[in-house]
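Quick notes on the structure that follows.
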Amino acid sequence: MAHSVTTTDLSRPLPHRWWGLAVLSVGVAVLAVDATVLNLAVPAITGDLDPTATQLLWIVDVYAFCVAAFLVTSGTLSDRVGPKKILLAGAMVFAVVSVLAGLAPTAGWLIVWRAAQGVAGSMLMPATLSLIGELFDDEKEKSFAVSVWIAVYAVGAAAGPIIGGALLEHFHWGSVFFINVPLCAIIAVGVSVLVPEAPVDRAERFDLPGAVLTAVMLFSMVYAVKSLTVHGLSPAGLACAVVAVAAGWLARRHLLRVKHPLIDLKLFHNRALSTVIAVNFVQMFIYLGVLFYISQYLQVVLGLGPESAALHMAPGLLCAVIGNLTTGKVMTRYRPRTLILVGMTVTCLGCLIFAACGAGLFAASGHTALVVAIGLMVTSIGGGIVDPVTNYFIVSTAPKGKAAAAASLSETGYEMGGAFGIAILGSVVAAVYRMGVDATGLLPEAARESVTTAHRLAESPAAAAAADQAFSTGVLVASVVAATVTAVAVAAVVVVIPARAARPAVG
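Everything in the sequence shown is counted per our numbering, starting at 483 for the first residue and increasing by one.
Right, here's the structure in full:
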């Protein structure tokens, strides 16, 4: 009869450790797929639930914000309670709230369940990585297992739009959530049988005030950004901005005073390390922010179906994986700063390609969708070059005994960057789109909320074309903003990271 593996079984290599790795990889794949799968469902959700522009942004990015906000907290709880227990709890909660999200009757409820997904998702990532360390004693096997874990995350993020496009072509938009249920069942059963529990460390006190203050700061900041960008100087937006500043000040004061802070702010004293973490933030800011509006642009403005849009996006997303693998092979020959600068410059070029599409430079030729696909390939290659280098740089330059804390901070930066990318770039597109719609005078007030709604309400081809032009202008402006942010990051790398920063050692 099958039995749970315990830490007492670890006197010799676990016979089922590779099957255990496969199960843990399902956990990280679920997390990665859900970060990107919803982008292609935006038009369908808009048509069904009729969300406002701000609600639409929350539907897409609240997941990433909750993953980022609770990632360090979940990692700490994993160390104190046990990663196996945290992973099983996270998988069960993720399955339940995925069903509720797929059945959400209103935009408000969908936001609630997406947020719950994010909290549950934050429990999966640190727990899966921690349990890999319990499965493998041999350092070479452990290194390979971690590489597999990273590759699965990259492939999962790339597969999200493809899976979403295939499902949306034939089923209700809720299907993109329902697919999580059997996957979470595999995680629960497989982890219970194949994966040992790790020893727990209850010595350190959990920093609950730090967790609460950090979460309040982040969510207030995000709400303020969205509200002020889309609605102007609204009382709610200004109030949230004040709350964000106050919570940030209190969080900083608290984190610098306690013995075991949730986030070790002293790591930011290393300027090079801080800059590289910021580069990770920018890369995900561009990656997920661009995916949010480009997926709508392909479907609504260019008229592609979900499956066709997914096929146009797939090559670019797979290029991120190729970039990762290729850079891993050449990292020993080039210095980190050189590779980071090359990758960020390539990413900036991709953003300018999207700007050219938004400006209509390829409309006459009818090849705009193809050029968008090329832009995604270029942007993804840039990110694929940067990611392995920054991860190596963070681990190798972190103060002694702080590598794990630095890596955790970097991962939080990744998730937060993606969420802010959707929030800020999505808000820019929404604001420019609204101004464009108002200027035409051809569309009713409700059409200001989304280009999908505008198409449904348009009474003439001219009105629909005006909405498309307004959204395209939003794509142009947001892409220029993205390129500018990337250029600033390039300048920061040139100034801060030493030109002679060490290359990884061969072997």
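All residues carry an ideal CB built from backbone N, CA and C; glycine is no exception.
Whole runs of the alpha helix (DSSP H) within the stretch 771-855, excluding any shorter than 4 residues: 788-812 and 818-840
Assigned secondary structure, ALA726 (DSSP; H/G/I helix, E/B strand, else coil): helix
Pairwise C-alpha distance: VAL761 and VAL970: 10 Å
Cβ contact (3+ pairs, closer than 8 Å) linking the stretch 643-656 and the stretch 588-601: no
Nearest to GLY801 (by Cα), restricted to the options ALA636, GLU897, LEU715 and HIS849: For the record, residue 801 in the displayed sequence is Cys; it is not Gly. Answer by Cα proximity: ALA636.
Close Cβ partners of TYR545 (< 6 Å) along its chain, the five nearest in sequence each way excluded: ARG596, GLN599 and GLY600
Contact between the stretch 531-550 and the stretch 889-906 (3+ Cβ pairs under 8 Å): yes
Neighbour-count burial assignment, THR814, 16 or more Cβ in a 10 Å radius: exposed
Cβ-based burial, ALA526 [other Cβ within 10 Å; buried from 16]: buried
Alpha-carbon to alpha-carbon, LEU710 and SER716: 7 Å
Same chain, Cβ closer than 6 Å to ALA472, five either side skipped, listed in chain order: Outside the shown range of the chain (483 to 989) lies residue 472, about which nothing can therefore be said.
Residue of ALA960, VAL698, TRP540 and LYS811 minimising C-alpha distance to ALA838: ALA960
DSSP three-state assignment for TRP655, whether helix, strand or coil: coil
Buried or exposed (CB count within 10 angstroms, at least 16 for buried), ASP689: buried
Boundaries of the alpha helix (DSSP H) in which HIS937 is found, first to last residue: 933-939
Coarse secondary structure for GLY989, derived from DSSP in three states: With a pLDDT of 43 at GLY989, under the threshold of 50, the modelled position of this residue cannot be trusted, and the question is left open.
Own chain residues within Cβ distance below 8 Å of SER1001, not counting five before or after: For residue 1001 there is no data in the structure shown, the boundaries of the chain being 483 and 989.
Whole-number beta carbon distance between ASN662 and VAL512, since they are thought to touch under 8 Å: 6 Å
Own chain residues within Cβ distance below 6 Å of ALA573, not counting five before or after: CYS666, ILE669 and ALA670
C-beta atoms of GLN778 and PHE659 nearer than 9 Å: no
Buried versus exposed call for SER702 [16 or more other C-beta atoms within 10 Å across all chains shown]: buried
Three-way DSSP call (helix, strand, coil) for ALA947 in this model: helix
Chain-order list of residues whose beta-carbon lies under 8 Å from that of LEU823 (same chain, five-residue window excluded): VAL972, VAL975 and VAL976
Three-way DSSP call (helix, strand, coil) for GLU679 in this model: coil
With 16 other Cβ atoms within 10 Å as the buried cut-off, status of ARG819: buried
GLU941: CB within 8 Å of a non-hydrogen atom of the ligand SAH: No copy of the ligand SAH occurs in the structure displayed, which carries no ligand at all.
Segment contact, 8 Å Cβ cut-off, at least three pairs: the stretch 858-872 with the stretch 828-847: yes
DSSP-derived helix/strand/coil call for LEU925: coil
Between the CA atoms of PHE763 and ILE745 - distance to the nearest angstrom: 16 Å
Segments assigned alpha helix (DSSP H), at least 4 residues, entirely inside the stretch 692-752: 717-739
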